[in-house]
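S.K.:
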Amino acid sequence: MKSSRVQSFVAGILVANSAPHFASAVSGRRHLTPLAGRESGPVTNGVWAGLNLVGGVVLLRLARKGKAEVRWDRDLVAFETGYLAFAGWMALSERFLATNSE
1 MKSSRVQSFV AGILVANSAP HFASAVSGRR HLTPLAGRES GPVTNGVWAG
51 LNLVGGVVLL RLARKGKAEV RWDRDLVAFE TGYLAFAGWM ALSERFLATN
101 SE
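Residue numbers (our numbering): 1 to 102.
1) Decide if L60 is buried, meaning its Cβ has at least 16 other Cβ atoms within 10 Å, or exposed.
2) Can you give the Cα-Cα distance for A78 and S101, rounded to whole angstroms?
3) For the putative contact between A49 and F9, defined by C-beta atoms under 8 Å, what is the C-beta separation to the nearest angstrom?
4) Alpha carbon to alpha carbon, how far is E69 from A63?
5) For P42, which residues in the same chain have their Cβ closer than 6 Å to its Cβ, ignoring the five residues on either side in sequence?
6) Could you tell me if T33 is buried or exposed, where buried requires 16 or more neighbouring beta carbons within 10 angstroms of its beta carbon?
7) Beta-carbon separation of N45 and N17 under 8 Å?
8) What is the residue span of the alpha helix (DSSP H) that N100 lies within?
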């Protein structure tokens, strides 16, 4: 990924994806992951949440690499757009497809 905005957008998606998996891990619930499917338990969700969070942070660091300014620029907007796009997609998919419902 060359563009820092694309990296920031994907980082937003990964960080957003880590939240429900982390919550599932902490609360001891099952939640679908690509690692173990529908039967993903708390440990698997914790691992998946960690991988998503680390991936998001790495992409953000790469997006900011070589930039002299310490303040956020349009990368923040790209990150937030990725986060909100994923959150909206998850809300709608859970509402209409009930992927993680029992």
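We treat Cβ as the ideally placed atom computed from N, Cα and C, and that holds for glycine.
M.R.: To lay it out plainly:
1) buried
2) 31 Å
3) Going by Cβ atoms, the distance from A49 to F9 rounds to 20 Å, so no, they are not a contact pair.
4) 12 Å
5) A25 and G28
6) buried
7) no
8) No alpha helix (DSSP H) holds N100; DSSP gives it neither H nor E.
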